[in-house]
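Numbering (my numbering), first residue to last: 96 to 251. For each residue, glycine too, the CB sits at the ideal point set by N, CA and C. All of these numbers come straight from a predicted model, not from anything done at the bench. Remarks on the structure that follows.
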């Protein structure tokens, strides 16, 4: 995704796009964060009872998008949003940010995550709609053929 690359360039932070099973689909890492073990974060997101607290920030601009943060000690925060496409179909967009940044930079990161998550959601829903439309048209076409709604001449 070009949009993930743009997010990385704007924020200058590692960016991860994860699928429904929290496996990495795409990642762009900062030089000082190369080789981040996403499994550490994945385990915490999946587990309900964990030693790390997940902080939820409700962005003022978006009622349905919540930015969640997992604080890993003094140096890193794993900040992510859930991109809900359909029931039981989610993607995750995440960044790694240093713990010691200004509140304004934190707000910028959260706002950027929300905006990019919205753009990705719209793109993914568009792709799903195209696939579903093609499948429906194929089904309708074969249904018409089977029910002899068309003659051979109509098809040609």
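Under 8 angstroms between the Cβ atoms of residue i and residue j?
i: residue 212; j: residue 178; result: yes
i: residue 63; j: residue 204; result: The question about residue 63 has no answer here: the residues shown for the chain are numbered 96 through 251.
i: residue 124; j: residue 96; result: no
i: residue 180; j: residue 217; result: no
i: residue 105; j: residue 207; result: yes
Thinking C-alpha only, which one of the options is nearest residue i?
i: residue 137; options: 122, 226, 123, 116; result: 116
i: residue 112; options: 126, 166, 231, 187; result: 187
i: residue 191; options: 162, 218, 219, 231; result: 162
i: residue 160; options: 106, 181, 176; result: 176
i: residue 194; options: 180, 228, 172; result: 172
i: residue 201; options: 100, 101, 108; result: 108
Quick one: what's residue i bridged to in DSSP?
i: residue 118; result: Answer by DSSP bridge pairing: none, since residue 118 is not bridged.
Give the C-beta separation of residue i and residue j to the nearest angstrom, bearing in mind that I take them to be a contact with Cβ-Cβ under 8 angstroms.
i: residue 98; j: residue 225; result: Between residue 225 and residue 98 the Cβ distance is about 18 angstroms, and since that is not below 8 angstroms, they are no contact.
Enumerated in chain order, which unbroken segments of the beta strand (DSSP E) with a length of 3 residues or greater are wholly contained in the region 178-228? Listed in chain order, the complete beta strand (DSSP E) runs (minimum 3 residues) inside the region 178-228 are 184-193.
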